[in-house]
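*Asks:*
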Amino acid sequence: MVRHPKSVALLLVLLVLLSGCSQYRFHGIPYEHRMAAPAIIGQNHDGSPFDLAALRGKAVLLFFGYTSCPDVCPTTLAEMRVLYANLGERATNTAVVFVSVDPERDTVSRLGEYVPLFNPNFYGVHVSEEQLEAIKPAYGVVAEKVYYKPEDTAAGYSVDHTARLYLISPATQLITSYPYGSDITKIQEDVEFLLK
Numbered sequence: 000m001v002r003h004p005k006s007v008a009l010l011l012v013l014l015v016l017l018s019g020c021s022q023y024r025f026h027g028i029p030y031e032h033r034m035a036a037p038a039i040i041g042q043n044h045d046g047s048p049f050d051l052a053a054l055r056g057k058a059v060l061l062f063f064g065y066t067s068c069p070d071v072c073p074t075t076l077a078e079m080r081v082l083y084a085n086l087g088e089r090a091t092n093t094a095v096v097f098v099s100v101d102p103e104r105d106t107v108s109r110l111g112e113y114v115p116l117f118n119p120n121f122y123g124v125h126v127s128e129e130q131l132e133a134i135k136p137a138y139g140v141v142a143e144k145v146y147y148k149p150e151d152t153a154a155g156y157s158v159d160h161t162a163r164l165y166l167i168s169p170a171t172q173l174i175t176s177y178p179y180g181s182d183i184t185k186i187q188e189d190v191e192f193l194l195k
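Numbering (numbering that gives the first Met the number 0), first residue to last: 0 to 195.
1. Around the C-beta of Leu131, are 16 or more other C-beta atoms found within 10 angstroms, so that it is buried, or is it exposed?
2. Can you look up Thr66 in the DSSP assignment and give me helix, strand or coil?
3. On the DSSP bridge assignment, give the partners of Tyr165 in chain order.
4. Give the DSSP-derived three-state secondary structure of Ile234 in the structure shown.
5. Answer yes or no: do Phe49 and Leu164 have a C-beta to C-beta separation smaller than 8 Å?
6. Kindly give me the distance between the Cβ atoms of Gly123 and Phe97, rounded to whole angstroms, as I take these residues to be in contact under 8 Å.
7. Mark Ala133 as exposed unless 16 or more other C-beta atoms lie within 10 angstroms of its C-beta, in which case mark it buried.
8. Based on Cα-Cα distance, which residue from Thr175, Ser99, Leu166, Asn120 lies nearest to Leu60?
9. Counting Cβ pairs, one atom from each stretch, are 3 or more of them under 8 Å apart for the segment 40-57 and the segment 66-76?
10. So, with DSSP's three-state summary, where would you put Arg33?
11. Identify every residue that forms a DSSP beta bridge with Gly123.
12. Distance, Cα to Cα, Ala35 vs Ile174?
13. Please name the residue, chosen from Pro119, Lys148, Arg104, Glu31, that lies closest to Ser224 on a Cα-to-Cα basis.
14. Cα separation between Lys195 and Thr184?
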């Protein structure tokens, strides 16, 4: 059977178009139904006002933690430092946001000492205890003080908290979340896809 050159060319074009239509699959645990990222309004580590909605147009990597955390939080922020550096010029369209789940000890001043150690461009956000109590269920975050001894003062506690990283699109939609220890190269792929 002889094929007409135009029909072969048309078939090739259709195959290319169909291969480009395969939907990108985000890593981590993607949200089945996209929803707007719940509001977070507070104060950044440099004393300036913070509003998550003002980061529209950027890919946002959001993490809840606290500065006295012995392992998960500094490890996650160190990984975000590497990822941010790997993005090169695309980092200008990416925001890393660290929201404290320990507002009692993590004052703006304390966040200002801690967060810039990882990268001065990262946001270190202080919200009030009341605001935090509204934000936690909106993101499915659990954070509870664990006292070393019942009679200990405020300084004698740690905070058990959800250790997830949330990816928010430039259109401010929750896209996916990553459990602690996720491969940062996969997270970077997702960020780069959003920034295309």
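Ideal Cβ positions, reconstructed from N, Cα and C, are used throughout, including at glycine.
*Replies:* Looking at the coordinates:
1. For the purposes of this step, residue 131 is identified with residue 132 of the sequence shown, where counting begins at 1. Looking at its Cβ environment, which holds 16 or more other Cβ atoms inside 10 Å, Leu131 is buried.
2. Within the sequence shown, the letter at position 67 stands for residue 66. Note: Thr66 maps to coil in three-state DSSP.
3. Within the sequence shown, numbered from 1, the residue matching residue 165 stands at position 166. In DSSP, Tyr165 forms a bridge with Leu61, Ser176.
4. Examination of residue 234 is not possible in this model, given that the chain is present from 0 through 195 alone.
5. Here residue 49 refers to the residue found at position 50 of the sequence shown. Here residue 164 refers to the residue found at position 165 of the sequence shown. No.
6. Counted from its first residue, the sequence shown places residue 123 at position 124. Counted from its first residue, the sequence shown places residue 97 at position 98. The pair is a contact, with the Cβ atoms about 5 Å apart (cut-off 8 Å).
7. Position 134 of the sequence shown, counted from the start, is the residue given in the question as residue 133. Exposed: under 16 other Cβ atoms inside 10 Å.
8. By one-based count along the sequence shown, residue 60 stands at place 61. Leu60 has its Cα closest to that of Leu166, out of Thr175, Ser99, Leu166, Asn120.
9. Contact check between the segment 40-57 and the segment 66-76: fewer than three CB pairs, one atom from each, fall below 8 Å, which does not count as touching.
10. Start at 1 with the first residue of the sequence shown, and residue 33 comes out as number 34. In this structure, Arg33 counts as strand in the three-state DSSP scheme.
11. Within the sequence shown, residue 123 is the residue found at index 124, counting from 1. Paired residues: Phe97.
12. Taking the first residue of the sequence shown as 1, we reach residue 35 at position 36. Taking the first residue of the sequence shown as 1, we reach residue 174 at position 175. Each residue's alpha carbon lies about 9 Å from the other.
13. As displayed, the chain neither begins before 0 nor continues past 195, which places residue 224 out of reach and without an answer.
14. As a first step, residue 195 must be located in the sequence shown, where it is residue number 196. As a first step, residue 184 must be located in the sequence shown, where it is residue number 185. So the alpha carbons of these two residues sit roughly 17 Å apart.
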